[in-house]
Structure formats: structure tokens, C-alpha cells
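K.L.:
Numbering (our numbering), first residue to last: 6 to 134.
1. Does the stretch 17-37 come within contact of the stretch 86-97, defined as at least 3 CB pairs closer than 8 Å?
2. Work out the CA separation of residue 21 and residue 67 for me, nearest whole Å.
3. Within 10 angstroms of the Cβ of residue 81, are there 16 or more other Cβ atoms? Answer buried if so, exposed if not.
4. Considering only residues of the same chain and omitting the five flanking positions on each side of residue 56, which have a CB-CB separation below 7 Å?
5. Determine the extent of the beta strand (DSSP E) in which residue 46 is found, giving its start and end residues.
6. Since residue 84 contacts residue 44 with CB under 8 Å, what's their CB separation in whole angstroms?
7. Can you give the beta carbon distance from residue 52 to residue 119, rounded, assuming they're within the 8 Å contact cut?
8. Confirm, please, whether the CB-CB distance from residue 50 to residue 130 is below 8 Å.
9. With C-beta atoms as the reference, is residue 73 less than 8 Å away from residue 87?
10. Which runs of the alpha helix (DSSP H), 4 residues or longer, sit entirely within the stretch 11-97?
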């Protein structure tokens, strides 16, 4: 299959596969509590990171279906990542953060990306999903 990817070619964007995987875990391991960690999208570090927002919109919708429709026992979810950081395979060339870090600056200046505002609004929703 030809799936889209972000800046990291090894990381494919397949939100429907996320739901399939959660259901496989449910069936294979008798629906254990699952903590999803480091789920995210890489780009070049632009502040207008619409690709990341699209990624989280689709993955969170898939997670919601797995929780509500399929009764998967997901008890935690962590975005990858709050801050841009050093990635073992890509160094500083791939950015996963919702906060841009200027690694050229001695102060390591941080600037919120558009996705940080999206993430905050998602977390602030009183109705959850």
C-alpha cells in the first residue's frame, strides 16, 4: 500500500490502522488497559503545521470509534511530542513537537505552533471527544 507520511519516511499516516490495531489488542489479549504513547506526526518545523492538526484530528476520531463503538479499553493517550527534540534516526531535521524549539539560539527559544492551539482546544472540550 502507498500511505502518506510526514517528514519521517518511515512513519506512515494510517488512522484506520490505529483502530484496527486497538481492536486486535482487545481480541488477542482480552481487552487489557492500553496506554497509547508517542503518537504523532513529523514535519519541517513550520509554525502553521496543518498536517499535524489533520493527523491528530483523524487519529483522535479513530481512537474515539475504538472507545465508543468497539469498547476498546484505552485508558491513556500521549501526543508525540509537546516540544521539538532530537530524534535518534533524524537528528533535528524532523520535528514532532507542537512547540517549535529554535536549536540555533542559545536560549532555545520556544514558539507555539498552530497545533498547540488545536491541542489545547481539544483538551478544553467539556464533552471530551
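Using N, Cα and C, we set each Cβ at its ideal position, and we do this for glycine too.
P.N.:
Put simply:
1. Taking 8 Å as the limit for Cβ pairs, the verdict is that the stretch 86-97 does not touch the stretch 17-37.
2. In this structure, the alpha-carbon of residue 67 lies about 6 Å from that of residue 21.
3. By the neighbour-count rule (16 or more Cβ atoms within 10 Å), residue 81 is not buried but exposed.
4. Closer than 7 Å at the Cβ level, and outside the excluded window around residue 56, lie 11, 46 and 48.
5. Neither: residue 46 is in no beta strand (DSSP E) and is coded neither H nor E.
6. Going by Cβ atoms, the distance from residue 84 to residue 44 rounds to 6 Å, so yes, they are a contact pair.
7. Indeed they touch by this definition, with Cβ atoms about 6 Å apart.
8. Not in contact: residue 130 and residue 50 (Cβ atoms no closer than 8 Å).
9. Not a contact, by the Cβ cut-off of 8 Å.
10. Complete alpha helix (DSSP H) runs here, min 4: 20-33 and 55-73.
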